[in-house]
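Heads up: the structure comes next, in structure tokens.
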Amino acid sequence: MKHRKILAFGAALAAIYLFTFRLGNAGNLRDQNKAGGAIGALPGASDTAVVVPEPVAEIIPLAATDTPITKEEYELIQKGPREPKPSDEDLNAENPPEINGGDEDGTGEEPLPPIPRPRPKIKSDVKSGLGGDGTVTLYHVWSKETISLRYREEDGSYAPGAAEQIKHFFRCRVTGKEMDIPIKLIEILDSLQDAFNSDSVTVICGYRSPEFNAARAADSQNVAKTSLHMKGWAADIRIPGAALAELKAKAKALKAGGVGYYPSASDNFVHVDVGRVRYW
Numbered sequence: 008m009k010h011r012k013i014l015a016f017g018a019a020l021a022a023i024y025l026f027t028f029r030l031g032n033a034g035n036l037r038d039q040n041k042a043g044g045a046i047g048a049l050p051g052a053s054d055t056a057v058v059v060p061e062p063v064a065e066i067i068p069l070a071a072t073d074t075p076i077t078k079e080e081y082e083l084i085q086k087g088p089r090e091p092k093p094s095d096e097d098l099n100a101e102n103p104p105e106i107n108g109g110d111e112d113g114t115g116e117e118p119l120p121p122i123p124r125p126r127p128k129i130k131s132d133v134k135s136g137l138g139g140d141g142t143v144t145l146y147h148v149w150s151k152e153t154i155s156l157r158y159r160e161e162d163g164s165y166a167p168g169a170a171e172q173i174k175h176f177f178r179c180r181v182t183g184k185e186m187d188i189p190i191k192l193i194e195i196l197d198s199l200q201d202a203f204n205s206d207s208v209t210v211i212c213g214y215r216s217p218e219f220n221a222a223r224a225a226d227s228q229n230v231a232k233t234s235l236h237m238k239g240w241a242a243d244i245r246i247p248g249a250a251l252a253e254l255k256a257k258a259k260a261l262k263a264g265g266v267g268y269y270p271s272a273s274d275n276f277v278h279v280d281v282g283r284v285r286y287w
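Position 262 of the sequence shown, counting from 1, maps to 269 under our numbering, and the rest follow consecutively.
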């Protein structure tokens, strides 16, 4: 009876030991599967080797809870958390839209037109003390052209673009060549127009090319070979409704340059220029 109890107790201990041993080896087998390795014969087992098949190409590891996961879940874990897509407000905060943006955003919308910038004004280099109001109307007897423009602003600056219009208006009537016209000459014409409260100033001759001046000098002794017309500094004028003698007197009173008086029927004009002050 006593021997039977001892045998039963020993058998129970052996069963417990065998169960614990198998449980431990099962954990080792799982750990080696995680590392992707093959397992040989278990220690303490029989001499017959236990052959374990080669691991598959992709072994999906177990999660921390030993719960199997799918291949898609494993790939998501390996990639890590995806960054959230920025909102339109975030994009605008980092890259504020430009006023004159192009079509780089792919919306197909045409870019906005550029914002026009104010053109710089040409500052006056002549004191505007000749009495003109900054506007002038000129009529050319040869080209039959009339221009009316504001060449000087109220702040004393000269309006951009006016000089080009005047330059073209004063071109040589024979060759068509142009020359820059001093703004002071326009100030003189403006002052004379205002002095007679006239609608316009009639221009007989403005710029004269050297070829045309040479031809005129050969034909008339009243034309100087070195005339200031060749520099664009002179104009031969009349004022509609004004006596020629009165026009000469007003021009001389300005003391702004030379004044020539030509009352003959063939000429009938007053010469004004921006050279030195002189009269004839």
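Even for Gly, the Cβ is constructed at its ideal location relative to N, Cα and C.
Classified as exposed, ASP226 has fewer than 16 neighbouring CB atoms from the shown chains inside 10 Å of its CB. Excluding five sequence positions before and after THR144, the CB atoms of its chain that fall closer than 6 Å to its own CB belong to SER155, SER207, given in chain order.
Rounded to the nearest angstrom, the gap between the Cα atoms of ILE173 and LEU196 is 12 Å.
In this structure LYS255 is buried. Its beta-carbon is surrounded by 16 or more other beta-carbon atoms within 10 angstroms. Per the Cβ contact rule, the segment 223-238 is not in contact with the segment 153-169 (fewer than 3 Cβ pairs under 8 Å).
DSSP places SER155 in the strand class (E or B) of the three-state scheme. Rounded to whole angstroms, the separation of the alpha carbons of ARG223 and LEU251 is 23 Å. Taking 8 Å as the upper bound for CB-CB distance, VAL277 and TYR268 are in contact here, some 6 Å apart.
In the DSSP secondary-structure assignment, CYS212 is bridged to ASP243. When the Cα atoms are used, LYS262 and VAL284 turn out to be separated by approximately 6 Å. The Cβ-Cβ distance between LYS151 and MET186 does not fall below 9 Å. In the three-state DSSP reduction, ARG178 falls in the coil class, being neither helix nor strand. Cβ contact annotation for ILE193 (same chain, cutoff 7 Å, sequence separation greater than five): VAL143, TYR158, ILE173, in chain order. Inclusion of TRP287 and ILE211 in the CB contact set at 9 Å is not warranted, their separation being larger than that value.
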